[in-house]
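Chains as they are written, first to last, in the working numbering: chain A, 1 to 404; chain B, 1 to 153.
The structure is reproduced here in structure tokens:
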């Protein structure tokens, strides 16, 4: 059996974003989508007629509109084209990317436009989240990313003081990155000198998960254009960024019960382990130049860095404490400010890939990493621990390793 | 022969959702509503290359993607009823008590129809092709209901 061996190579040739904000009264949904789409087309130097297929997604429970792809067609340009609608909750943006990658790699279409959007201001997020899981057997107690469990686990493992400082250091680092990104939603101007104050006084949400640790509710859209290697050879306006590989790992909620009280391998860890193995990447920290990670809260972020980089013990905390994840560190995390700064759900996971691709192109603007970015990692996430991990490359020169 | 379905001892968990939500008209849609509210005028947006005039408003021509957001043209407040349906069920979110006519009205000067309520004619007598005119609301709600309804000329 062949595991995700590509029929042909796929490149990102267009990236478009809107600003990310909780005040978009000036745009209706189709207008916001159109802004991202025309930015992506302008970035690629293409017209809507050059697009063969469109994949569209958001978390439709959040706006409480059925079939929003139809409502948005004035903005998407999908009229008269093949279109697929994808909605996988928080993961949507990453699933759109995976689908676009596969649609081009398969040869079904040459050029695919992927669009992720959310307008959380208009809808009712809690309604969507609460109705996420099966109410029959008390599984409707869904709070999305609002959970204090991971905070408690990190405290149990590393002690209260070190754990709390690690989460807050991560949070302030994200804000420092967001301050460099003009499009980011929440740019608070936090300083490390505020750590003790925020640890003690930020309003608690659940246990040691505090308001300052959590991601925002944002409005915004992201559009990306994917095309084949053959098309790239005919010339592109901006340098192509190559989609080397992606992997999706999804946990069905009731299956872990099979394992009793032994926790199964975290989806992030399984995704990273398999993806790196089949691409011959022995040391991901050394290999990658940037990681745009879907970080719904500072506590999850700290924990997930260990999972994604296949680290053990307190390696991730030591790296964080040493500044390895800073903008100028060994492996910068989320130069964009990440999900904690900006979270338009259906676009959020796609923004991770978009931002990673901009870093490779050197087009990230104020939050561009100083050193050259050749290899980038991006992740998507959603309920229920759906993990997507994607590898981007500047050059089309990697060795095929093992897809069996 | 009727199929017999056995529902004995099949239980149902009742739920109820009541959620607030919003729909943003946007700046362009709001300008369209302000013209109705303050000037009793219905405005369209014209794509010069295509020669088409759209209502309700849109920023870009959906045929050729020309930006038309500033190319306002005044439409007539009268037009032709080009299509209609009769709403025969009542619900809290609907604007009128049933039965009422929901029509597609192509205003003079427009190429696309505007959907609105048609009154002043019995649902049994209504037919496509009749001329109708806008009756503006006395009290504003900053919605499309600032046109209260259309009625036969």
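Using N, Cα and C, we set each Cβ at its ideal position, and we do this for glycine too.
Legend entry - Closest Cα partner of residue 121(B) within the set 51(B), 100(B), 66(B) and 71(B): On the second chain, residue 121(B) is found 121 positions in, with the first residue counted as 1. Comparing Cα positions, the closest option is 100(B).
Legend entry - Continuous alpha helix (DSSP H) stretch holding residue 38(B): start and end: Locating residue 38(B) in the second chain gives position 38, counting from the first residue. Looking at the DSSP string, the run of the alpha helix (DSSP H) that includes residue 38(B) is 26 to 39.
Legend entry - Top-ranked residue by Cα proximity to residue 117(B), from 130(B), 148(B), 109(B) and 88(B): Numbered from 1 along the second chain, position 117 holds the residue referred to as residue 117(B). Answer by Cα proximity: 148(B).
Inset, instruction - May I ask you to list the residues that DSSP assigns as paired with residue 250(A)? - result: Start at 1 with the first residue of the first chain, and residue 250(A) comes out as number 250. In the DSSP output, where bridge partners are listed per residue, residue 250(A) has none listed.
Legend entry - From 399(A), 80(A), 348(A) and 375(A), residue whose alpha carbon lies closest to that of residue 280(A): Within the first chain, residue 280(A) is the residue found at index 280, counting from 1. Considering only alpha carbons, the answer is 399(A).
Inset, instruction - Would you mind telling me which residues of chain B sit closer than 9 Å to residue 48(A), beta carbon to beta carbon, in chain order? - result: Translated into the one-based positions of the first chain, residue 48(A) becomes position 48. Residues of chain B passing the Cβ test: 65.
Legend entry - Interface residues of chain A facing residue 48(B) [CB-CB closer than 7 Å]: Taking the first residue of the second chain as 1, we reach residue 48(B) at position 48. Result: empty, since nearest Cβ-Cβ is about 18 Å, beyond 7 Å.
Inset, instruction - Mind listing the chain A neighbours of residue 20(B)? Cutoff is C-beta to C-beta under 7 Å, in chain order. - result: One-based indexing of the second chain puts residue 20(B) at position 20. 124, listed in chain order.
Inset, instruction - Using a cut-off of 7 Å between C-beta atoms, extract the partners of residue 23(B) located in chain A. - result: Looking up residue 23(B) in the second chain gives position 23. Those within 7 Å of residue 23(B) in chain A are 122.
Inset, instruction - Count the CB pairs spanning the region 331 to 345 of chain A and the region 293 to 307 of chain A that are closer than 8 Å, and state whether there are at least three. - result: These segments touch.
Inset, instruction - Counting only the same chain and skipping the five closest in sequence on each side, list residues whose C-beta sits under 6 Å from that of residue 355(A). - result: Reading the first chain from its first residue, position 355 is the one you call residue 355(A). So the list reads 292 and 336, once near-sequence residues are dropped.
Legend entry - Within chain B, the residues that residue 34(A) reaches when beta carbons sit closer than 8 Å: In the first chain, counting from the first residue as 1, residue 34(A) sits at position 34. Result: 59 and 60.
Legend entry - Integer-rounded CB distance, given that residue 115(A) should sit under 8 Å from residue 241(A): Here residue 241(A) refers to the residue found at position 241 of the first chain. Here residue 115(A) refers to the residue found at position 115 of the first chain. About 18 Å separates the two Cβ atoms, so there is no contact after all.
Legend entry - Residue-chain proximity (residue 248(A), chain B), Cβ-Cβ < 9 Å: Working through the first chain from its first residue, we reach residue 248(A) at position 248. So, not an interface residue.
Inset, instruction - Evaluate the contact criterion for the region 104 to 120 of chain A versus the region 153 to 161 of chain A: three or more CB pairs, one atom per stretch, below 8 Å. - result: They do not touch, by the three-pair rule.
Legend entry - Cutoff 6 Å; reference residue 52(B); Cβ partners in own chain excluding five residues on either side: Counting from 1 along the second chain, the entry for residue 52(B) is found at position 52. 111.
Legend entry - Pairwise C-alpha distance: residue 83(B) and residue 128(B): On the second chain, residue 128(B) is found 128 positions in, with the first residue counted as 1. On the second chain, residue 83(B) is found 83 positions in, with the first residue counted as 1. One Cα belongs to residue 128(B), the other to residue 83(B), and the distance between them is close to 6 Å.
Inset, instruction - Identify whether residue 75(A) lies in helix, strand or coil by the three-state DSSP scheme. - result: Along the first chain, read from residue 1 onward, the residue named residue 75(A) stands at position 75. Three-state DSSP puts residue 75(A) in a helix.
Inset, instruction - Starting from residue 93(A), follow the beta strand (DSSP E) in both directions and report where the run begins and ends. - result: The residue given as residue 93(A) occupies position 93 in the first chain. Taken as a continuous stretch (DSSP letters only), residue 93(A) belongs to no beta strand (DSSP E), being part of the alpha helix (DSSP H) at 92 to 105.
Inset, instruction - Report yes if the CB atom of residue 122(A) is closer than 9 Å to the CB atom of residue 23(B), and no otherwise. - result: Counting from 1 along the first chain, the entry for residue 122(A) is found at position 122. Counting from 1 along the second chain, the entry for residue 23(B) is found at position 23. Cβ atoms of residue 122(A) and residue 23(B): closer than 9 Å.
Inset, instruction - Note down, in chain order, every chain A residue with its Cβ under 8 Å from the Cβ of residue 114(B). - result: Counting from one through the second chain, the residue named residue 114(B) turns up at place 114. For residue 114(B), none of the residues of chain A pass the 8 Å Cβ criterion, the least Cβ distance being about 16 Å.
Inset, instruction - Counting only runs of 4+ residues fully inside the region 17 to 56 of chain A, write out the alpha helix (DSSP H) ranges in chain order. - result: 29 to 44
Legend entry - Neighbourhood of residue 213(A) by C-beta distance below 7 Å, restricted to the same chain and skipping five residues each side: The residue you call residue 213(A) lines up with position 213 of the first chain. Once the five neighbours on either side are set aside, the close Cβ partners of residue 213(A) are 167, 171, 297, 298 and 299.
Legend entry - Where residue 31(A) falls, given that 16 or more other Cβ within 10 Å makes a residue buried: Residue numbering aside, residue 31(A) sits at position 31 when the first chain is read from its first letter. Burial call: buried.
Inset, instruction - Leaving out five residues on either side along the sequence, give the residues of the same chain with a beta carbon under 6 Å from the beta carbon of residue 47(B). - result: Here residue 47(B) corresponds to residue number 47 of the second chain, with the count starting at 1. Result list for residue 47(B): 61, 66 and 68, in chain order.
Inset, instruction - Go through its chain and collect everything with a Cβ distance to residue 302(A)'s Cβ below 6 Å, but skip five positions before and after it. - result: Indexing the first chain from 1 puts residue 302(A) at position 302. Within the same chain, residue 302(A) has close Cβ partners 166, 167 and 170.
Legend entry - CA-to-CA distance, residue 90(A) to residue 127(A), given in whole angstroms: Working through the first chain from its first residue, we reach residue 127(A) at position 127. Working through the first chain from its first residue, we reach residue 90(A) at position 90. About 15 Å.
Legend entry - Neighbour flag for residue 397(A) against chain B, beta carbons, 9 Å: Here residue 397(A) refers to the residue found at position 397 of the first chain. Not closer than 9 Å to any Cβ of chain B, the Cβ of residue 397(A) fails to qualify, so no.
Inset, instruction - Helix, strand or coil for residue 69(A), going by three-state DSSP, please let me know. - result: Counting from 1 along the first chain, the entry for residue 69(A) is found at position 69. Reduced to three states, the DSSP call for residue 69(A) is helix.
Inset, instruction - Taking 9 Å as the cut-off, decide whether the C-beta atoms of residue 309(A) and residue 272(A) are in contact. - result: Position 309 of the first chain, counted from the first residue, corresponds to residue 309(A). Position 272 of the first chain, counted from the first residue, corresponds to residue 272(A). For residue 309(A) and residue 272(A), yes; Cβs fall inside 9 Å.
Inset, instruction - Enumerate, from N- to C-terminal direction, the unbroken alpha helix (DSSP H) stretches of 4 or more residues contained entirely within the region 218 to 297 of chain A. - result: 229 to 233, 267 to 278 and 284 to 287
Legend entry - Whether residue 148(A) touches residue 205(A) by CB criterion (9 Å): The residue given as residue 148(A) occupies position 148 in the first chain. The residue given as residue 205(A) occupies position 205 in the first chain. Contact flag set, yes.
Legend entry - residue 246(A) and residue 385(A) closer than 9 Å at C-beta: Translated into the one-based positions of the first chain, residue 246(A) becomes position 246. Translated into the one-based positions of the first chain, residue 385(A) becomes position 385. The answer is no: Cβ separation not under 9 Å.
Inset, instruction - Find out if the Cβ-Cβ distance for the pair residue 443(A), residue 238(A) is shorter than 9 Å. - result: Residue 443(A) is absent from the structure shown; chain A starts at 1 and stops at 404.
Legend entry - For residue 387(A), the three-state DSSP class (helix, strand or coil): Here the question's residue 387(A) lines up with position 387 in the first chain. Note: residue 387(A) maps to strand in three-state DSSP.
Legend entry - Enclosing alpha helix (DSSP H) for residue 146(B) [first to last residue]: Numbered from its first residue, the second chain carries residue 146(B) at position 146. DSSP places residue 146(B) in no alpha helix (DSSP H); its state is neither H nor E.
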